[in-house]
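Per my numbering, the sequence shown runs over residues 1 to 258.
A quick write-up on the structure given underneath.
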Amino acid sequence: MHLCSDYHLHPQGHRLQPYTQELLQPWANHARQVGLRDIALTDHDRYHAGVDFDEIDRLRETNPDLKIRAGIELDNDPIHSAAGRAWAEKNWDRLDFVLGSVHFLRGDWAFDHAGEEAEFARRDIDEVYADYYARIRTMAGSGLVDCMAHLDLVKIFGFRPAADLSDLLATVLSEIKRADLAMELSTAGWRKPVGELYPSDEIIRAARATGIPFTTASDAHSHVQQGENFAPLAEKMTALGINEVVIFDRHERAVVRL
Ligand SMILES: [Zn+2]
Ligand SMILES: [Zn+2]
1 MHLCSDYHLH
11 PQGHRLQPYT
21 QELLQPWANH
31 ARQVGLRDIA
41 LTDHDRYHAG
51 VDFDEIDRLR
61 ETNPDLKIRA
71 GIELDNDPIH
81 SAAGRAWAEK
91 NWDRLDFVLG
101 SVHFLRGDWA
111 FDHAGEEAEF
121 ARRDIDEVYA
131 DYYARIRTMA
141 GSGLVDCMAH
151 LDLVKIFGFR
161 PAADLSDLLA
171 TVLSEIKRAD
181 LAMELSTAGW
191 RKPVGELYPS
201 DEIIRAARAT
211 GIPFTTASDA
221 HSHVQQGENF
231 APLAEKMTAL
241 GINEVVIFDR
251 HERAVVRL
């Protein structure tokens, strides 16, 4: 089984870099090189000013063998997310795909940044998880996203709750199902301290049972990370009985059998 779609890519990386062919073409080249056929550019909404739909159209014209989707990753950034949402609403018809994610917890804490283990160690982990999933539910119900990104990102440094979260997770999954969203399978977790796919096998099994469809994603912040670890991801999907993924065209979801 070969996975051909990567629906979580950050051409701008971690800073504002306006879209140009010089910035974007290496992404198309490397995608092709690793056997991808369908990619979604999903920069963080705090860098929405760099996203240029005309430049994406130009990239499509010079790379007609690739499906190139215009996307954005909306999160709950306390400073920038209001402007990001307004931008996504204004440009909804030119966007193919919107990811929803949670990167900030109580106290405007950017919990997934390198070095935040110390803060995890100080906090009540059950409370951290409860706070995280409450925010995930809000994002899922926002009406502005097509797919939830790295659903259990809160495990990034390997801190685990003592409490049983199955009821909480069931509520989260039913909210995602109610909103008719997809969920990504993200290999990014394999390069983080936790060393696990996002989300866990347990969540994937429950999502599958709930009828939530999946995208495949690397969360690449460099063009060479595209499709990273897609071979082991394909193996895991086979083991979990997943033989299809979804793709998006102007928010219209289609199933691809693998
Ligand atoms: Zn993210
Ligand atoms: Zn991302």
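All C-beta atoms, glycine included, are put in the ideal place defined by N, C-alpha and C.
Same chain, Cβ closer than 6 Å to Phe230, five either side skipped, listed in chain order
On the sequence shown, residue 230 is found 230 positions in, with the first residue counted as 1. Same-chain partners within the cutoff: Leu3.
From Ile204 to Val128, what distance separates their C-alpha atoms?
Residue 204 sits at position 204 when you count from the first residue of the sequence shown. Residue 128 sits at position 128 when you count from the first residue of the sequence shown. Taken atom to atom, the span from the alpha-carbon of Ile204 to that of Val128 is near 21 Å.
For Phe230, the three-state DSSP class (helix, strand or coil):
Taking the first residue of the sequence shown as 1, we reach residue 230 at position 230. Under the three-state reduction of DSSP output, Phe230 falls in the helix class.
Helix, strand or coil for Leu197 per DSSP?
For this step, residue 197 is matched to residue 197 along the sequence shown. Coil.
Ordered along the chain, which non-local residues of its own chain (more than five positions away) have a Cβ less than 8 Å from that of His103?
Numbered from 1 along the sequence shown, position 103 holds the residue referred to as residue 103. Cβ within range, chain order: Asp75, Asn76, Asp77, Ala110, Phe111, Asp112, Leu153.
Going by Cα to Cα distance, which pick from His10, Glu252, Asn63, Arg37 is closest to Ala182?
Walking along the sequence shown from the start, residue 182 turns up at place 182. Ranking His10, Glu252, Asn63, Arg37 by Cα distance to Ala182 puts Glu252 first.
Going by Cα to Cα distance, which pick from Asp108, Asp52, Ala234 is closest to Asn91?
Here the question's residue 91 lines up with position 91 in the sequence shown. Ranked by Cα distance from Asn91, the first of Asp108, Asp52, Ala234 is Asp52.
Say the cut is 8 Å; is the CB of Leu99 nearer than that to a heavy atom of ligand 2?
One-based indexing of the sequence shown puts residue 99 at position 99. Yes.
Taking 8 Å as the cut-off, is the C-beta of Ala31 nearer than that to any heavy atom in ligand 2?
Within the sequence shown, the letter at position 31 stands for residue 31. Flag unset: Cβ of Ala31 not near ligand 2.
In this structure, how does DSSP classify Glu202 when only helix, strand and coil are distinguished?
The residue you call residue 202 lines up with position 202 of the sequence shown. Of the three classes helix, strand and coil, the one that applies to Glu202 here is helix, per DSSP.
Sort out for me which residues DSSP pairs Ile39 with in a bridge.
Residue numbering aside, residue 39 sits at position 39 when the sequence shown is read from its first letter. Looking at the DSSP assignment, Ile39 forms a beta bridge with Asp6, Ile68.
Proximity below 9 Å, CB of Thr210 to CB of Ser174
Reading the sequence shown from its first residue, position 210 is the one you call residue 210. Reading the sequence shown from its first residue, position 174 is the one you call residue 174. Their beta carbons are under 9 Å apart, which means Thr210 touches Ser174 by this criterion.
Skipping 5 residues on each side, what residues in its chain have a beta carbon closer than 8 Å to that of Arg32?
As a first step, residue 32 must be located in the sequence shown, where it is residue number 32. Close CB contacts of Arg32 within its chain, under the 8 Å cut and outside five residues either way in sequence, are with Asn63, Asp65, Leu66 (chain order).
Beta-carbon contacts of Leu240 that lie in its chain and below 6 Å, excluding the five residues immediately before and after:
Working through the sequence shown from its first residue, we reach residue 240 at position 240. So the list reads Ile204, once near-sequence residues are dropped.
Sequence-distant residues of the same chain with beta carbon closer than 8 Å to Ala88, five excluded per side
By 1-based counting over the sequence shown, the position of residue 88 is 88. Around Ala88: Asp45, His48, Ile72, Leu74, Leu95, Val98, Leu144.
If you measure from the CB of Asp77, is any heavy atom of ligand 2 nearer than 8 Å?
Walking along the sequence shown from the start, residue 77 turns up at place 77. Remark: the C-beta of Asp77 is outside contact range of ligand 2, defined as less than 8 Å to any heavy atom.
Roughly how many angstroms lie between the CA atoms of Lys155 and Ala149, to the nearest whole one?
Working through the sequence shown from its first residue, we reach residue 155 at position 155. Working through the sequence shown from its first residue, we reach residue 149 at position 149. Cα-Cα distance, rounded: 14 Å.
Could you tell me if Ile79 is buried or exposed, where buried requires 16 or more neighbouring beta carbons within 10 angstroms of its beta carbon?
In the sequence shown, counting from the first residue as 1, residue 79 sits at position 79. Exposed, by the Cβ-count rule.
If you draw a straight line from the C-alpha of Asp38 to the C-alpha of Gln21, how long is it?
Translated into the one-based positions of the sequence shown, residue 38 becomes position 38. Translated into the one-based positions of the sequence shown, residue 21 becomes position 21. The alpha-carbon atoms of Asp38 and Gln21 are separated by roughly 18 Å.
At what residues does the alpha helix (DSSP H) containing Phe248 begin and finish?
Your numbering for residue 248 matches position 248 in the sequence shown. Annotation: Phe248 is outside any alpha helix (DSSP H); the continuous beta strand (DSSP E) that includes it extends over 244–249.
Is DSSP giving Glu89 helix, strand or coil here?
As a working note, residue 89 is residue 89 in the sequence shown. It is helical.
Would you say Gly227 and Gly35 are within 9 Å of each other, going by their C-beta atoms?
The residue you call residue 227 lines up with position 227 of the sequence shown. The residue you call residue 35 lines up with position 35 of the sequence shown. Contact check for Gly227 against Gly35 passes: the beta carbons are separated by less than 9 Å.
Should Leu153 be listed as close to ligand 1, given that the test is whether its C-beta is under 8 Å from any heavy atom?
As a first step, residue 153 is located in the sequence shown; it is residue number 153 there, counting from the start. Yes; taking the cut-off as 8 Å, the Cβ of Leu153 has a heavy atom of ligand 1 nearer than that.
Below 8 Å on the Cβ atoms is my contact criterion, and I expect Leu105 with Gly50 to pass it. Report the Cβ-Cβ distance as a whole number of Å.
To locate residue 105, count along the sequence shown from 1; it is residue 105. To locate residue 50, count along the sequence shown from 1; it is residue 50. That belief does not hold up - the Cβ atoms of Leu105 and Gly50 are roughly 26 Å apart, past 8 Å.
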